[in-house]
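Residue 4 is where the sequence shown starts when you use this note's numbering, and the numbers rise one by one after that.
In this text, a Cβ means the ideal position worked out from N, Cα and C, and glycines have one as well.
Remember, it's a predicted structure, so these values are computed and weren't measured experimentally.
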Amino acid sequence: MDFFDKCPLCGTSGKTWDKDPEVRQCPHCDSLFSAFGLVMESQREVEEFWS
């Protein structure tokens, strides 16, 4: 059993992420992360405000 069964960014639960235990891709936000929850590449748009 892996440490995380949810996406660390959006919280989407994924039971079929065991195909590749090294790298997982969230079906909701398309972010890539490890089985331990370390985000490797975020595809989520973050609103940034510059002043």
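Enumerate in chain order the residues of its own chain whose CB-to-CB distance from residue 28 is below 6 Å, with the five nearest sequence positions on each side excluded. Excluding residues within five positions, the ones whose Cβ falls inside 6 Å are 35.
Just the Cα atoms here: how many angstroms apart are residue 41 and residue 11? 8 Å
Restricting to Cα atoms, I'd like to know which of 16, 37, 14 is closest to residue 26. 37
For residue 42, the three-state DSSP class (helix, strand or coil): strand
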